[in-house]
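Structure, as structure tokens:
2 protein chains.
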Amino acid sequence: MSAVTADAIARLLARRGYRLTGPRRHLLEVMEGMGDHFAADDVLSAAPEVGRATVFRTLRLLQELGVVCQVVLDQGALAYRLAPEEHHHHLLCVECGAVQDFSSDALEAVFEDVQARTGYAVEAHRLEVYGRCPDCLARDGVPRDGPAPDGVARVGGSRAG
Amino acid sequence: MSAVTADAIARLLARRGYRLTGPRRHLLEVMEGMGDHFAADDVLSAAPEVGRATVFRTLRLLQELGVVCQVVLDQGALAYRLAPEEHHHHLLCVECGAVQDFSSDALEAVFEDVQARTGYAVEAHRLEVYGRCPDCLARDGVPRDGPAPDGVARVGGSRAG
DNA sequence: CCCGTACTGAGCCTGAGTCTCGATTGGGCT
DNA sequence: AGCCCAATCGAGACTCAGGCTCAGTACGGG
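As given, the protein sequences belong to chains E and B, one line each in that order. When the letters of the first sequence are read in order and numbered with my numbering, they come out as residues 18 to 178. When the letters of the second sequence are read in order and numbered with my numbering, they come out as residues 18 to 178.
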């Protein structure tokens, strides 16, 4: 699951004057042992010997380094995920909660268009796609209109995105 | 700013068996009087005569109806915004915090691609784009490497999205 | 071996949002 | 015009995520 070895992370930290300490190493192991995404709370309870503040601090640090990334769940809650090296987006199954990555070159065109039309200098973005994974589709016998996440744009349609 | 009139909202509510009550009407006015986006807390303090629970309940209800939508700020915090009728995405200025909407047809192609490659049935999505608005760019004299939001993909690059 | 800096954990604090429950009200029906 | 009940309201306690402080610990270079 880990896209970055402990060694690489140690170097990443060192380059910025940080240290790869015991607690940090332990937290990384815990995160690798968790599923495709996890809440801060999951880490907290999976590593009770590490202090609360340390967990949050480490999570934030790893985020800065790009080792973990945030995932916006369908209801707007935040979760984390070990990040692959490359730039990517998230594809979430609204039924079983699975998360997987994907990337897309077509997105660049969208940003260029936006930039041209609005005059904004685009610097970053966040794209989360919600749907049903093949497994859930198979299990359910392909439903045509399941409950869609709230506050999130439906594909065909309406508002908000 | 409001894309939907009070009357239309009343009909929207009625159609689902809800009522357009005094507090709801008041909250809508307050929201229209606020900027391009607002936190739940802003509404709370701008409408002290309305109860806490009612504010949150109303916000949730309006979200269901599509009258307001969620905006994911660069750090992952949630804000709200009166939503235009059509499907849209958000463009946020990381400097002044301005939010504006945009839409893009090119995105559909991205979803089709994802669907074909992963087998997911895409149902919804969420796209937030972060950058600097023309005003801030002009004021700053076009800086080349400002602070970028955390935990969010940079355009050129690295990870997380 | 010493020292400074990075780091840690305990505990307290805040902010966001939820839940409960008795009181209130809107509005269709008569 | 008045009734009646479901929808709604507001106060306040509660939960949960996450941040902050601060005194103590642990590296790593000199």
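Just so you know, even glycine gets a beta-carbon here, dropped at the ideal spot from N, CA and C.
Chain B contact residues for residue 57 of chain E, given Cβ-Cβ distances below 8 angstroms
Position 40 of the first sequence, counted from the first residue, corresponds to residue 57 of chain E. Using a Cβ-Cβ cut-off of 8 angstroms, residue 57 of chain E is close to nothing in chain B; its nearest Cβ partner there is about 11 angstroms away.
Residue 113 of chain E CB to nearest chain B CB: under 8 angstroms?
Looking up residue 113 of chain E in the first sequence gives position 96. With 8 angstroms as the cut-off, residue 113 of chain E does not count as an interface residue toward chain B.
Alpha-carbon to alpha-carbon, residue 29 of chain E and residue 105 of chain E
Reading the first sequence from its first residue, position 88 is the one you call residue 105 of chain E. Reading the first sequence from its first residue, position 12 is the one you call residue 29 of chain E. Taking the straight line from one Cα to the other gives about 20 angstroms.
Name the DSSP beta bridge partners of residue 87 of chain E, please?
Position 70 of the first sequence, counted from the first residue, corresponds to residue 87 of chain E. Its beta-bridge partners are E:97.
Which residues in the same chain as residue 89 of chain B place their Cβ atom closer than 6 angstroms to its Cβ, once the five residues preceding and following it in sequence are excluded?
Here the question's residue 89 of chain B lines up with position 72 in the second sequence. Here the set comprises 145.
Exposed or buried, residue 34 of chain B, counting other C-beta atoms within 10 Å across all chains shown (16 or more means buried)?
As a position in the second sequence, residue 34 of chain B is number 17, starting the count at 1. Under this definition residue 34 of chain B is an exposed residue.
So residue 125 of chain B is in the beta strand (DSSP E); what residue range does that whole segment cover?
Taking the first residue of the second sequence as 1, we reach residue 125 of chain B at position 108. Secondary structure note for residue 125 of chain B: it is in no beta strand (DSSP E), and the uninterrupted alpha helix (DSSP H) holding it is 123-135.
Spatial distance of residue 164 of chain E from residue 45 of chain E (CA atoms)
Translated into positions along the first sequence, residue 164 of chain E becomes position 147. Translated into positions along the first sequence, residue 45 of chain E becomes position 28. Confidence at residue 164 of chain E is low in this model, with a pLDDT of 43, below 50, so the placement of that residue is unreliable and no value is reported for it.
Under a CB-based cut-off of 8 angstroms, is residue 184 of chain E close to chain B?
Nothing can be reported for residue 184 of chain E: it is not among the residues displayed for chain E, which extend from 18 to 178.
Thinking C-beta only, is residue 148 of chain E closer than 8 angstroms to residue 137 of chain B?
Stepping through the second sequence from its first residue, residue 137 of chain B is reached at position 120. Stepping through the first sequence from its first residue, residue 148 of chain E is reached at position 131. Yes. Within cutoff.
Using the DSSP secondary-structure output, state which residues sit across from residue 112 of chain B in a beta bridge.
Position 95 of the second sequence, counted from the first residue, corresponds to residue 112 of chain B. DSSP, once it has assigned bridges, lists no residue as partnering residue 112 of chain B.
Residue-chain proximity (residue 121 of chain E, chain B), Cβ-Cβ < 8 angstroms:
Sequence index remark: in the first sequence, residue 121 of chain E carries index 104 (1-based). So, interface residue.
Can you tell me whether residue 92 of chain E is helix, strand or coil according to DSSP?
Counting from one through the first sequence, the residue named residue 92 of chain E turns up at place 75. DSSP places residue 92 of chain E in coil when its eight states are reduced to three.
Rounded to whole angstroms, what is the Cα-Cα separation between residue 14 of chain E and residue 119 of chain E?
Examination of residue 14 of chain E is not possible in this model, given that chain E is present from 18 through 178 alone.
Quick one: residues in its chain with C-beta nearer than 8 angstroms to the C-beta of residue 59 of chain B, no 5 flanking neighbours on either side, listed in chain order?
The residue you call residue 59 of chain B lines up with position 42 of the second sequence. 51, listed in sequence order.
Residue-chain proximity (residue 24 of chain E, chain B), Cβ-Cβ < 8 angstroms
Within the first sequence, the letter at position 7 stands for residue 24 of chain E. No, no contact with chain B.
Contacts of residue 145 of chain E in chain B (Cβ-Cβ under 7 angstroms):
Along the first sequence, one-based indexing puts residue 145 of chain E at 128. Taking a Cβ-Cβ threshold of 7 angstroms, the residues of chain B close to residue 145 of chain E are 142 and 143, in chain order.
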